[in-house]
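Quick note, the sequences are listed as chains A and B, same order. Going left to right, the first sequence walks through residues 1 to 120 as our numbering numbers them. Going left to right, the second sequence walks through residues 1001 to 1120 as our numbering numbers them. Working notes, beginning with the structure itself.
Number of protein chains: 2
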Amino acid sequence: MREFMAITKALSDPNRVRILLALRRGELCVCQITALFDFAPSTISKHLSILHHARLILSRKSERWVYYRLPEKTAPVAVREALDWVHKSLAKTDETKADANKLKKILNTDLAVICRRQKC
Amino acid sequence: MREFMAITKALSDPNRVRILLALRRGELCVCQITALFDFAPSTISKHLSILHHARLILSRKSERWVYYRLPEKTAPVAVREALDWVHKSLAKTDETKADANKLKKILNTDLAVICRRQKC
DNA sequence: TTGTCATTTCGTCGTTTGACGAAATAACAA
DNA sequence: TTGTTATTTCGTCAAACGACGAAATGACAA
């Protein structure tokens, strides 16, 4: 029950759900996720930590950046089903598409440039 | 997105999740649900209204009681999948079994007696 | 080592949430 | 009608949440 509630609480904030949807196409560094939202880096970091604590995302560190991604098939069943449910329910919404478009532009920009742009 | 968030917010409280699990075996009146928890009737009523607003439960009025139940197959896909996910994830936990046992005793008692017992 | 920079942690602040009891409502019983 | 009773609504309060900026951390670059 505790693990399940960690998932539902993580999903109860729309910005965290948007992060999960943004990660569908592949891993992103914190800089890129921050660029996608109009929030302070510390706010994004907190959201990522809540998602991570619920095991809805995994992280790895490389060079000077931290990358987050959706878990593989090794993830607990409850996690995989939660992610499937999120994607199935929201993949086609306008908001998700808008984020995907904005993300495309971000991915076309050099990482270092994106980070410096937001003074993080 | 708004509808989806109504569901995730409804699921983000453990007592509301317990209510959904308790309804698996069939409809229950507010009195019976209140008897299952150690909360004031007004608290349970609020929880039920949140679940109802998210369309996770349906209600009907009969005689002097209001009954709540899980929705049929007519429910939106997002709702059905959310309920499936909840049940699959938690049906076998100790907490759910304990609630089911307590519920069995409640169902063996006359409705009028249960209600008067809690001064609702 | 020292400085730079991406990220996280911490403390604060305003808002939301979940609990309660009291009062309102709505339906049945007398 | 009047009273009773099941449920909901409302106002209040403490705790949790989501935002922020400032400071801490940790890794690379000079």
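For glycine and all other residues, C-beta sits at the position ideal for the given N, C-alpha and C.
The alpha helix (DSSP H) enclosing residue i, as first and last residue numbers
i: SER1049/B; result: 1041 to 1053
i: ARG16/A; result: 14 to 22
i: LYS9/A; result: 2 to 11
i: ASN101/A; result: 94 to 107
i: ASP1038/B; result: Neither: ASP1038/B is in no alpha helix (DSSP H) and is coded neither H nor E.
i: LYS1088/B; result: 1077 to 1090
From the options, residue whose alpha carbon lies closest to that of residue i
i: THR1047/B; options: ARG1080/B, ALA1006/B, THR1074/B, LYS1105/B; result: Sequence inspection shows His at residue 1047/B; the Thr mentioned does not correspond to that position. Considering only alpha carbons, the answer is ALA1006/B.
i: ARG80/A; options: ARG55/A, LYS104/A, LEU23/A; result: ARG55/A
i: PRO1071/B; options: VAL1113/B, ILE1106/B, LEU1028/B; result: LEU1028/B
i: ASP99/A; options: ILE57/A, CYS115/A, ASP13/A, LEU21/A; result: LEU21/A
i: ARG1025/B; options: ASP1094/B, GLU1095/B, ARG1069/B; result: ARG1069/B
i: THR1008/B; options: TRP85/A, ILE57/A, ARG60/A; result: TRP85/A
i: ALA1122/B; options: ALA78/A, LEU83/A, LYS73/A, SER89/A; result: Outside the displayed range of chain B (1001 to 1120) lies residue 1122/B, so it cannot be described from this structure.
i: GLN150/A; options: ILE57/A, TRP65/A, SER49/A; result: Residue 150/A falls outside the range modelled here, since chain A spans only 1 to 120, and no answer is possible.
i: LEU1036/B; options: VAL1113/B, ALA1112/B, ASN1101/B; result: ASN1101/B
i: SER1012/B; options: ILE19/A, SER42/A, PHE4/A; result: PHE4/A
i: SER1049/B; options: TYR1067/B, ASN1108/B, PRO1076/B, THR1096/B; result: TYR1067/B
i: SER59/A; options: ALA82/A, PRO41/A, LEU23/A; result: LEU23/A
Beta bridge counterpart(s) of residue i as assigned by DSSP
i: ARG60/A; result: TYR67/A
i: LEU28/A; result: TYR68/A
Partner residues on chain B for residue i, Cβ-Cβ distance less than 7 Å
i: SER89/A; result: PHE1004, ALA1078
i: LYS9/A; result: SER1012
Whole-Å CB distance - residue i paired with residue j, under 8 Å assumed
i: ARG16/A; j: ALA10/A; result: 6 Å
i: ILE57/A; j: LEU51/A; result: 5 Å
Contact list for residue i against chain B, beta-carbon separation under 8 Å
i: THR93/A; result: MET1001
Proximity test, residue i beta-carbon vs the ligand ADP heavy atom, cut-off 8 Å
i: LYS1009/B; result: Absence of the ligand ADP is noted for the structure shown, with no ligands found whatsoever.
Chain A contact residues for residue i, given Cβ-Cβ distances below 8 Å
i: ALA1082/B; result: TRP85
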